[in-house]
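One structure is given here, and the rest of the page talks about it.
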Amino acid sequence: MLKCPRPVMDEIMQQEIRPLLAVDIIEQLHRQFALLSGGRGNDGAPIITFPEYSGFNELPEEDFINVVTYLTSIPSLDAASIGFIIIIDRRRDKWSSVKASLARIAGAFPGNLQLVLVLRPSRFFQRTIADIGIRLHRDDFKMKVPIVMLNSLSDLHRYVDKGQLTCELGGSLQYCHSQWIHHRTAIENFAVTVKTTAQMLQKFGTDLAETELPNDVQCTKELLTDHTDKHDKLKDELKLAMKQGHTLLSCIKDQANKAETHKLNPDEMENQTTVERLLAQLDETENAFEQFWSKHHLKLEQCLQLRHFEQDFREVKMSLDSLMEALLELSDIGDCVARVTQLLKELKSLEDSAQESLEKAQLHALHGDQLIQSNHYAVDSIRPKCVELRRICDDFSNEAKKKYDILSKSLEIHTGIDKINHWCESGVYLLASQAVDKCQSQEGAEAALQDIERYMETAKEQQLNQLRDLYNQHEIILSDLIKTNVENALKRLEEVHEMFEKRHISLKRLSAKQTRPVQPVAPRPESSPKRPSPKTPRPPGSTPNRRSSENSSIKQPADAELARKKNIRKAKGGIKIEVMHEESQGGSSHILVTSETEESLSSRRRHIMNELIETERLYVEELQSIMEGYAAALDNSELNHLIPLALENKKDILFGNLAEIYDFHNKTFLKELENCVEKPELVGTCFLKRKEELQIYEKYCQNKPRSEALWRQCGDSMFFQECQKQLDHKLSLDAYLLKPVQRITKYQLMLKEMLKCSKNSEGTAELEEALATVLDIIKSVNDSMHQIAITGFEGNLNDLGKLLMQGSFNVWTDHKKGHNKVKDLARFKPMQRHLFLYNKMILFCKKREETSDGHEKSPSYSFKHSLKMSAVGITENVKGDVKKFEIWYNGREEVYIIQASSMDVKNMWVSEIRKVLTTQLEACREASQLHQRITENIYHAPMSRNVRKVALRQSDSSSPETGYRRSDTGPNMRHKRGWTQRRLPSMDTEDFETIPSSAEELSNSSDGEEDSNNKNGEPERFQVQLTYEACEPHELSLEAGDVVQFVEEAKNGH
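UniProt numbering numbers the first residue of the sequence shown as 1 and each following residue consecutively.
In structure tokens, the structure reads:
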């Protein structure tokens, strides 16, 4: 074991021992057995006097050593290095006292001795003994300095000047022991005060330097106040110490001012110098501390300014973000002039309300610039915030200007549409109001011609054709509805203009002077029937023979006179304004569309295919990097210490079935896409072939909320940072885990683009089916994400069949009892319900927003009610609101009025519910037919299904079933039809419930529901569900809504 050398240990101990002070030995000093009067020898050696003290021999050794040690520590190092002169006064004492004094000094004097002067006893006997004793015992004292035995003061004066001796030794040096003790105590107290103050200032400065600046305004204010209070307290203590030092210095200097002849001795001079040095040291400490405090205080104030700036920044940014969000929500560009005008008012109101926030943001950014110019320490934090505020202000202003421009153009377009519609309506009225008989004369024809020409001039004056230019310039920003309205308006303008041209030609021909008298022939009136376009559906009640006969009567010259008379009779009957539809106008105009060449379309298809393959390769590479760089790293033992506890054994939760997705795309799908590079139009077959495999995305998306929740817990861990660093990824893992969700939505965009340039080419049908497949997958994924959030349903959702639709609605309930239809419960205020439509059931749930770990809200759906689809009926139209429909249960005992957010949503739901009910009805019919064949035990050989015979019911009956007769299928009557409940014959082995359904039933049409079972033994009647065009001569064409009667069943059972 190593041992530290002794001198080193002594030095360390000396450093740890506090220096001896007068206050520590104040009692011993007051005994006055040793003095440091301040006198000096001829060479400047300090003089220590041991005056006569009767109890010197009885002094404790410790007291003697402490006093002598303290006295030798007072002179300066230069003076002490010369050596001390000791004067021992024993004139009234004995030799024994002299001997004891010399022995103590020789054994315990800590300083360097130069000379020992002894005033020996004055009595003769003691003097003789002293002379003898000193000769005999000189060597016993072991002093290396001379010991001089003096007989009198005069002998002493030969060694030491009188001016350096006190009056007791015959000198002139003024010395007061009590005053000396007082001065020494005061000086040492002041030195301790200076040292303590310096240490306090140093510690306070260290605390200030190590203080971490707070991150909020309140804590910064508290810290600034606390530090300021501590500084003021230390400042007061510093001032008190300075005052103490100046007082002490004044006391020392006052001694020299008492008499002109009095001078300070060297020790007093050293005391004065010591005090002055301590004052200077204190002053320097104060200056250094004030400089440090000034910088620290400035930093605290700047920190407080920064926290205020950051707090105001957050408030202003939150306000601007809210305004920007409100601005972005104004995405509608209107569907009419009134709506666009209202949107412009809302935009103007939003801009006005945003001015205050924008001004605050600009002022705050200016304040940030001022902080930067004032040399703020956090310039790197302030400057980006100023830039951000100005950017948000610019973005808001630019977005507002952009929306204003779009709405202004939309207003111009809708104004143009209204002008065209008004002009066309007025024009059609003008054409219809021109009496045919008045135009038979030349004057009447000229007057009508002038009316026509004047009205056609108004089209130029109103600049109606400007709408086409606006449409071409701003087509990209228009919605599909506006595009359709513009196209319809322009097409109507062309049609009406063509009508005017035809009328203009006819009237001009009539108004021209005839060279020979000719029997006037009236032009064909505009109200005469037009030949319908092939796309126009056949009106009810009209037959092809009638249409062909009327058209041929107009075209054939032999029947011109007959047609003229008929037209004259019709014109006299009154003016008839006929609404012209797109495809019902005679002489239909065709919109010329410049089609792309096949070569350019083929080039576009190749470009889209190349992009699809390249993005697929990149997608596979990204999935591979995730699996190898993150998923595999979880099994790497070298990184185990970095894996957070929250992630242990949760690899499947974080990544879901990402490995399955990667294997499918890497091994299968990418290769199949690459095989289509030469024939891009056949890419649809890849999606159809892998329709089932693509369903894996549904499982991935269902797990995504759990994955995101786990990522929020441990996403900041060193493990993910290390993995990201090794992969050299710019984005974190959560961004890559979103890639599969983005990819499945990217496919439908690619297929849409491919379909646009693949019309009427090979593979078009497959592309359309593939697009429908991908859209169905996306819808299924989206629906499943909502389905997993259903809570409170006691059954198994998988038993309900496929989830067909889901969405939020306003729901009113109306419960009726029996046939009295008394309202059991009517809710005037709608309930907010989220509906889930399955094949077997429809669920009513309440949507709840739940906060997850302080992050964005995730919805959940609390189960409230359910209806079996086997007992559900539907009323598609409800009076008062086109967005409402009814779902009723058990013969309208329970009625649920449902309001959709739009007509499109309503139509989709009604259509899907109709499909479910139709499927159930067909299944029940097949079961009924099967039951009938089984009970009758009739089996026939298969025959052609065209043998089935049905007969239209033509007679009008007063029975409830007559509401489905053939004549009621016209436009004015079709919307009044509705399904009625019909119970199928029961079977021994199965119980079939009532299958109510509806196509377009009004809310009041269900009040007359009756059981449609055949009670009179008559053949059963059925309502036709779909339109059927006859393919063979012996077949019968049927339209949806026709009522047919069962006559005979084919032998093959169809």
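Beta carbons are placed, not taken as given, at the ideal position from N, Cα and C, and that holds for glycine. This one's a predicted model, so the numbers in the text were calculated from it and none came from an experiment.
Would you mind giving the Cβ-Cβ distance between residue i and residue j, rounded to the nearest angstrom? I have them listed as a contact below 8 Å.
i, j, result
"Leu642", "Ser717", "7 Å"
"Asp267", "Ile74", "7 Å"
"Leu710", "Ile661", "About 18 Å; that fails the 8 Å criterion."
"Leu688", "Thr773", "6 Å"
"Val620", "Leu682", "At roughly 21 Å, the Cβ-Cβ gap does not stay under 8 Å, so Val620 and Leu682 are not in contact."
"Leu248", "Ala186", "5 Å"
"Cys439", "Leu493", "Not really, about 24 Å apart at Cβ, beyond 8 Å."
"Tyr861", "Lys846", "7 Å"
"Ala365", "Arg339", "Between Arg339 and Ala365 the Cβ distance is about 37 Å, and since that is not below 8 Å, they are no contact."
"Arg91", "Leu59", "Not a contact, Cβ separation roughly 19 Å."
"Gly629", "Leu755", "Actually they are not in contact, since the Cβ atoms of Gly629 and Leu755 sit about 37 Å apart, beyond 8 Å."
"Glu631", "Lys651", "This sequence places Ala at residue 631; Glu is not what is there. About 7 Å; that satisfies the 8 Å criterion."
"Leu867", "Tyr889", "5 Å"
Apart from the five residues on each side of it in sequence, which residues of its chain come closer than 8 Å, Cβ to Cβ, to residue i?
i, result
"residue 1070", "The chain is shown from 1 up to 1054; residue 1070 falls before or after that span and cannot be answered."
"Leu350", "Leu323, Ala326, Leu327, Leu330, Ala400"
"Glu611", "Met750"
Taking all protein chains shown into account, decide if residue i is buried (16 or more other Cβ within 10 angstroms of its Cβ) or exposed.
i, result
"Met318", "exposed"
"Val387", "exposed"
"His607", "exposed"
"Met903", "exposed"
"Pro19", "exposed"
"Ser40", "The sequence given here places Arg at residue 40; Ser does not occur at that position. Its Cβ being crowded by 16 or more others within 10 Å, Arg40 is buried."
"Asp93", "buried"
"Asp814", "buried"
"Asp236", "exposed"
"Arg892", "buried"
"Gln434", "buried"
"Ile744", "buried"
"Asp312", "buried"
"Ser901", "exposed"
"Gly795", "exposed"
"Glu925", "The question names Glu, but residue 925 is Arg in the sequence shown. So Arg925 counts as exposed."
"Thr273", "exposed"
"Thr484", "exposed"
"Leu731", "exposed"
"Asn271", "buried"
Can you find the residues in the same chain that come closer than 6 Å, C-beta to C-beta, to residue i, ignoring five residues on each side of it along the sequence?
i, result
"Thr220", "Pro214, Cys303, Leu304, Arg307"
"Gln787", "Leu803"
"residue 1075", "What the structure shows of the chain is the stretch from 1 to 1054, and residue 1075 is not part of that stretch, so it cannot be assessed."
"Ile147", "Val116"
For residue i, which residues of its own chain have a beta-carbon under 7 Å away from its beta-carbon, when the five flanking residues on both sides are left out?
i, result
"Asp783", "Leu803, Gln806"
"Leu371", "Gln305, Phe309, Ile382"
"Ser479", "Ile333"
"Leu208", "His227, His296"
Got a sec: does the ligand MN put a non-hydrogen atom nearer than 7 Å to the Cβ of residue i?
i, result
"Cys757", "The ligand MN is not part of this structure, which contains no ligands at all."
Looking at chain B, is there any beta carbon in it that lies within less than 8 Å of the beta carbon of residue i?
i, result
"Ser808", "Any reference to chain B falls outside this structure, which holds one protein chain only."
| request: Inspect the CB distances between the region 164-173 and the region 34-53 and report whether three or more fall short of 8 Å. | output: Yes, since at least three Cβ pairs between the region 164-173 and the region 34-53 fall closer than 8 Å, the two stretches touch.
| message | Quick check: the region 100-113 against the region 75-90, are at least 3 beta-carbon pairs closer than 8 Å? | response | Here the region 75-90 lies against the region 100-113, with 3 or more beta-carbon pairs under 8 Å apart.
| request: Check whether the region 328-348 touches the region 233-242, taking contact to mean three or more Cβ pairs, one atom from each stretch, closer than 8 Å. | output: Touching, no, given that fewer than three Cβ pairs across the two stretches are closer than 8 Å.
| task | Please confirm if the region 763-779 is in contact with the region 745-755, defined as three or more CB-CB distances below 8 Å between the two stretches. | result | A contact exists between the region 763-779 and the region 745-755.
| query | Any contact of the region 787-802 with the region 712-728, i.e. 3+ C-beta pairs under 8 Å? | reply | The answer is no - the region 712-728 does not touch the region 787-802, with fewer than three Cβ pairs under 8 Å.
| said: When you compare the region 147-161 with the region 18-35, are there three or more beta-carbon pairs, one atom per stretch, that lie closer than 8 Å? | reply: No, they do not touch.
| said: Is it the case that the region 483-490 contacts the region 404-422, given that we only count it when at least three CB pairs across the two stretches are under 8 Å? | reply: Under the 8 Å Cβ criterion, the region 404-422 counts as touching the region 483-490, having at least three qualifying pairs.
| task | Please go through the region 319-404 and give each complete alpha helix (DSSP H) segment of 4 or more residues, from N-terminal end onward. | result | Within the region 319-404, the complete alpha helix (DSSP H) runs of at least 4 residues are 337-373.
| Given 8 Å, three or more beta-carbon pairs between the region 333-348 and the region 401-411 | The region 333-348 is in contact with the region 401-411.
| query | Is there contact here, the region 190-207 with the region 62-78, by at least three beta-carbon pairs under 8 Å? | reply | These segments do not touch.
| Segment contact, 8 Å Cβ cut-off, at least three pairs: the region 350-360 with the region 273-285 | Touching, no, given that fewer than three Cβ pairs across the two stretches are closer than 8 Å.
| query | Going along the chain, which unbroken runs of the beta strand (DSSP E) with 3 or more residues stay wholly within the region 215-243? | reply | Listed in chain order, there is nothing to give.
| request: Let me know the alpha helix (DSSP H) ranges lying completely inside the region 591-635, each 4 residues or longer, listed in chain order. | output: Taking only runs of at least 4 residues, the alpha helix (DSSP H) segments lying wholly in the region 591-635 are 598-626.
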